[in-house]
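Chemist:
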Amino acid sequence: MERLKQISESRKQHIETHFSRFLMSNIHWEDRLIGISGARGSGKTTMLLQRMKGSLIYDEEVLYVSLDDIYFAENPLVYLAEEFYKKGGKYLFLDEVHKYPGWSRDLKNIYDNLPDLNIVFTSSSALDIYKGAFDLSRRAVIYYLPGLSLREFIDLKYGIKFPVYSIEQILFEPKKIIPEILDNIKPLKYFEEYLVKGFYPFFMESENSYSDRLLNILNLVLEVDLTTIFNIDYYSVIKIKKMLSVLSRVVPYKPNIEKLARQTGTTRDSLLKYLYYLEKAEVVKWLSKNTFGINYLNKPDKLYLNNTNLMHALNDANPDKGTLRETFILNQLLVKHNVSYPVKGDFLVDNKYLIEVGRPSKNFRQISGVENAFIAADGIEFSDGRKIPLWLFGFLY
Numbered sequence: 092m093e094r095l096k097q098i099s100e101s102r103k104q105h106i107e108t109h110f111s112r113f114l115m116s117n118i119h120w121e122d123r124l125i126g127i128s129g130a131r132g133s134g135k136t137t138m139l140l141q142r143m144k145g146s147l148i149y150d151e152e153v154l155y156v157s158l159d160d161i162y163f164a165e166n167p168l169v170y171l172a173e174e175f176y177k178k179g180g181k182y183l184f185l186d187e188v189h190k191y192p193g194w195s196r197d198l199k200n201i202y203d204n205l206p207d208l209n210i211v212f213t214s215s216s217a218l219d220i221y222k223g224a225f226d227l228s229r230r231a232v233i234y235y236l237p238g239l240s241l242r243e244f245i246d247l248k249y250g251i252k253f254p255v256y257s258i259e260q261i262l263f264e265p266k267k268i269i270p271e272i273l274d275n276i277k278p279l280k281y282f283e284e285y286l287v288k289g290f291y292p293f294f295m296e297s298e299n300s301y302s303d304r305l306l307n308i309l310n311l312v313l314e315v316d317l318t319t320i321f322n323i324d325y326y327s328v329i330k331i332k333k334m335l336s337v338l339s340r341v342v343p344y345k346p347n348i349e350k351l352a353r354q355t356g357t358t359r360d361s362l363l364k365y366l367y368y369l370e371k372a373e374v375v376k377w378l379s380k381n382t383f384g385i386n387y388l389n390k391p392d393k394l395y396l397n398n399t400n401l402m403h404a405l406n407d408a409n410p411d412k413g414t415l416r417e418t419f420i421l422n423q424l425l426v427k428h429n430v431s432y433p434v435k436g437d438f439l440v441d442n443k444y445l446i447e448v449g450r451p452s453k454n455f456r457q458i459s460g461v462e463n464a465f466i467a468a469d470g471i472e473f474s475d476g477r478k479i480p481l482w483l484f485g486f487l488y
């Protein structure tokens, strides 16, 4: 365990703390068992180490461990927790729990048997953390860490800070908040940059290799996460990759499941399962006419790639601008809101606000006569009545 302590201390000492994610201040850190889910590369490890460095000052009481460490090839997690607890440990940070078989069962036992030990765990597989949360019901509080918002991207890369705005402020008070932003930046410049290389924090390490790294992460999700969690074989992974290749060229896509199944060389039922897996892995986003939840028994009404960075990485040519607009706003809205597919317009938010997305000249013809209907327009800096700048939705979190 001494080697693990040395690694923990070294990781903590080298972490930067000048920027932290919005979720850091939203977590109730006093809870005894906290889970953080999120896609690979979203910044979960950084958050754990920042919490250790900034708030927990007694080194002997704190331990960070990644569960893919070779230590766990011969030592169970319960044993580590017990030894740490005996030596005065109070805060155990467990990274990549999905790499450890039976992690949820062990966490349940640790929680029940070591009552003064606080545990925070992460998984870069949202798929697995929700399955494990079932075993930890009534014990764990699960939080979700998305990729960076436009607001966070500007803060991380340029050090310019802005507050978070609610959907109501953006829709009903844009003329009040936009001048505060325009006094400091030209938002359209940062917006275009963000759409290509701004969603995942690791762009700070190397922008030149960003797209390659993103594709590598996507391969890990498909070849490691899906096969481990859903017990699918590599033959199925090849079909999922083929399906994703087709989708990347046609999103947003109103699924013709039978046609897509033929193109992929699989059955209808298998295809729906594959789409469900990709949604849970944060590779695609489903849009449905209702918000009762996603399952593989029902097909989505519309499909998008998860974010605009993925669109750029998967396409040799520049992605369609209209698709980029819709993908961006859906991605930002879903962090805090329910979004469904409406009869009119593009998105219905919380069953209250109808949003149509388009270019600067977009008019209200398609959503005329609808109460609380708005246009999110690309390429404009200022609002004009119910026409809101698209980039402003990047300040929701």
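With the numbering used here applied, the sequence shown closes on residue 488, and no number is skipped along the way. Where is the CB? At the ideal position from N, CA and C, for every residue including glycine. What you are looking at is a predicted structure, and each value in this text was computed from that prediction instead of being measured.
May I ask you to report which of helix, strand or coil DSSP gives P346?
Modeler: Note: P346 maps to coil in three-state DSSP.
Chemist: What are the start and end residues of the alpha helix (DSSP H) that includes P265?
Modeler: Residues 265 to 273.
Chemist: Quick check: the Cα distance between G436 and V188, rounded to an integer number of angstroms?
Modeler: Answer to the nearest angstrom: the Cα atoms are 41 Å apart.
Chemist: What does the alpha-carbon distance come out to for the pair R477 and K376?
Modeler: Taking the straight line joining both Cα atoms gives about 27 Å.
Chemist: Got a sec, what are the start and stop residues for the beta strand (DSSP E) I210 sits in?
Modeler: Per DSSP, I210 belongs to the beta strand (DSSP E) from 209 to 214.
Chemist: Buried or exposed: where does M295 fall if 16 or more other Cβ atoms within 10 Å of its Cβ makes it buried?
Modeler: Exposed is the call here.
Chemist: Measure the C-alpha to C-alpha separation of T318 and L286 and round it to an integer number of angstroms.
Modeler: Straight-line Cα distance between these residues: approximately 30 Å.
Chemist: Secondary structure at W377, three-state DSSP: helix, strand or coil?
Modeler: Residue state, collapsed to three classes: strand.
Chemist: Suppose contacts are defined by Cβ-Cβ distances below 7 Å. Is F163 in contact with Y191 by that definition?
Modeler: It is a contact, given that the beta carbons lie within the stated cut-off.
Chemist: Three or more C-beta pairs closer than 8 Å, one from the stretch 389 to 399 and one from the stretch 444 to 462: is that the case here?
Modeler: Because the criterion of three Cβ pairs below 8 Å is not met, the stretch 389 to 399 and the stretch 444 to 462 do not touch.
Chemist: Spatial neighbours of L247 within its chain, please: CB distance less than 7 Å, with the 5 preceding and 5 following residues excluded, ordered by chain position.
Modeler: Closer than 7 Å at Cβ, skipping near neighbours: F110, L239, P292, M295.
Chemist: S116 lies in the alpha helix (DSSP H); which residues open and close that run?
Modeler: Taken as a continuous stretch (DSSP letters only), S116 belongs to no alpha helix (DSSP H), as it is neither H nor E.
Chemist: Does DSSP classify F244 as helix, strand or coil?
Modeler: Helix.
Chemist: Under the three-state reduction of DSSP, which class applies to E447: helix, strand or coil?
Modeler: Looking at E447 - three-state DSSP - the assignment turns out to be strand.
Chemist: Taking the beta strand (DSSP E) that L124 falls in, what are its first and last residues?
Modeler: Run containing L124: 124 to 128, per the beta strand (DSSP E) assignment.
Chemist: Compute the distance between the beta-carbons of N397 and V374, then report whether it is under 7 Å.
Modeler: For N397 and V374, yes; Cβs fall inside 7 Å.
Chemist: Using a threshold of 7 Å, state whether the C-beta atoms of K333 and T355 are closer than that.
Modeler: Cβ atoms of K333 and T355: closer than 7 Å.
Chemist: Answer yes or no: the CB of K96 versus the heavy atoms of the ligand FMN, is any distance below 6 Å?
Modeler: Looking for the ligand FMN in the displayed structure turns up nothing, as the structure carries no ligands at all.
Chemist: What first and last residue would you give for the beta strand (DSSP E) that runs through W255?
Modeler: Checking the sequence shown, residue 255 turns out to be Val, not Trp. Counting along the chain, V255 falls outside any beta strand (DSSP E), and DSSP gives it neither H nor E.
Chemist: Do V461 and L487 have their beta-carbon atoms positioned less than 7 Å apart in this structure?
Modeler: No, these two residues do not count as a Cβ contact at 7 Å.
Chemist: Round the Cβ separation of K103 and M143 to the nearest angstrom and send it over; I've been treating them as touching at under 8 Å.
Modeler: At roughly 5 Å, the Cβ-Cβ gap stays under 8 Å, so K103 and M143 are in contact.
Chemist: How many Å lie between L70 and K266 at the Cα?
Modeler: This structure does not reach residue 70, given that the chain is present from 92 up to 488, and the question cannot be answered.
Chemist: For L124 versus R230, is the C-beta spacing smaller than 7 Å?
Modeler: Cβ distance < 7 Å, so L124 and R230 count as in contact.
Chemist: Using DSSP bridges, identify the partner residues of S459.
Modeler: Partner(s): none; S459 has no beta bridge.
Chemist: According to DSSP, simplified to helix, strand and coil, what is I233?
Modeler: DSSP places I233 in strand when its eight states are reduced to three.
Chemist: Does the stretch 404 to 418 touch the stretch 340 to 351, meaning 3 or more C-beta pairs lie closer than 8 Å?
Modeler: The answer is yes - the stretch 404 to 418 touches the stretch 340 to 351, with three or more Cβ pairs under 8 Å.
Chemist: Should W194 go down as buried or exposed, given a rule of 16 or more other Cβ atoms within 10 Å for buried?
Modeler: So W194 counts as buried.
Chemist: Answer yes if the stretch 267 to 280 comes into contact with the stretch 466 to 475, meaning at least three C-beta pairs across the two stretches below 8 Å, and no otherwise.
Modeler: Enough Cβ pairs lie closer than 8 Å, so yes.
Chemist: Return yes when the Cβ of G126 is within less than 7 Å of the Cβ of I210, no when it is not.
Modeler: Contact: no.
Chemist: Can you tell me whether DSSP reads D186 as helix, strand or coil?
Modeler: D186: strand per DSSP, three-state reduction.
Chemist: Count the CB pairs spanning the stretch 416 to 425 and the stretch 320 to 329 that are closer than 8 Å, and state whether there are at least three.
Modeler: Touching, no, given that fewer than three Cβ pairs across the two stretches are closer than 8 Å.
Chemist: L205 to P237, Cα distance in whole Å?
Modeler: L205 and P237: Cα-Cα distance of roughly 31 Å.
Chemist: Suppose you measure from the CA of I245 to the CA of E174; what does that come to, to the nearest Å?
Modeler: Roughly 43 Å between the two C-alpha positions.
Chemist: Do you know offhand how far N463's Cα is from L481's?
Modeler: One C-alpha to the other measures close to 17 Å.
Chemist: DSSP three-state label for L396, please.
Modeler: If DSSP states are grouped into helix, strand and coil, L396 belongs with the strands.
Chemist: Are the beta-carbon atoms of I420 and A468 separated by less than 7 Å?
Modeler: No, these two residues do not count as a Cβ contact at 7 Å.
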